[in-house]
Amino acid sequence: PGHPDLSSGSAYLRNKAGLQQVLEDSTEEAKRTLSAVSNEIRIREVKNGKRIYCRVPRGHENLFRTSAQGIAVPASIEKRTSGPWPASEFLSESVKMPEIAGKR
10 PGHPDLSSGS
20 AYLRNKAGLQ
30 QVLEDSTEEA
40 KRTLSAVSNE
50 IRIREVKNGK
60 RIYCRVPRGH
70 ENLFRTSAQG
80 IAVPASIEKR
90 TSGPWPASEF
100 LSESVKMPEI
110 AGKR
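If you count the sequence shown from 1, you need to add 9 to reach this note's numbering.
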């Protein structure tokens with residue numbers, strides 16, 4: 010209820026740390042829930058949070074969607090579900106960026 014106290018630098022940092030912990034906890038809960046429908050899960054840090062990529066067996070898309078939509082998150086964070094998308098997140102680095110992988 011109400012807005013967080015951001016009147017000082019330390020209050021801002023405490024609020025930020027609290028939000029980060031909420032995000033971490035929510036990400037772990039999502040990973041546990043989604044592991045029932047996906048045995049390949051990737052979590053990537055992005056500017057404003059995290060993205061969770063799940064490789065879902067063909068024919069299990071609706072089960073995945075139902076599971077993902079059932080994950081409750083605190084009001085302080087936002088959850089979006091999209092896809093299906095190509096499985097490029099699951100390709101090896103040498104396939105995604107061969108010009109860089111070849112220089113190693």
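Beta carbons are placed, not taken as given, at the ideal position from N, Cα and C, and that holds for glycine.
Note that the structure is a prediction, hence the values are computed from the model and not measured.
For residue i, name the three-state secondary structure that DSSP assigns.
i      : result
Arg-89 : coil
Arg-67 : coil
Ser-35 : helix
Arg-23 : helix
Under the assumption that residue i contacts residue j (Cβ atoms under 8 Å), give the Cβ distance between them as a whole number of angstroms.
i      : j      : result
Ser-19 : Val-82 : The pair is not a contact, with the Cβ atoms about 27 Å apart (cut-off 8 Å).
Where does residue i land, buried or exposed, given buried means 16+ other C-beta within 10 angstroms?
i       : result
Ser-85  : exposed
Ser-76  : buried
Ser-103 : exposed
Tell me the DSSP bridge mates of residue i?
i      : result
Lys-59 : Glu-54
Glu-49 : Arg-64
Measure the CB-CB distance between residue i and residue j and report whether it falls below 8 Å.
i      : j      : result
Ala-96 : Arg-64 : yes
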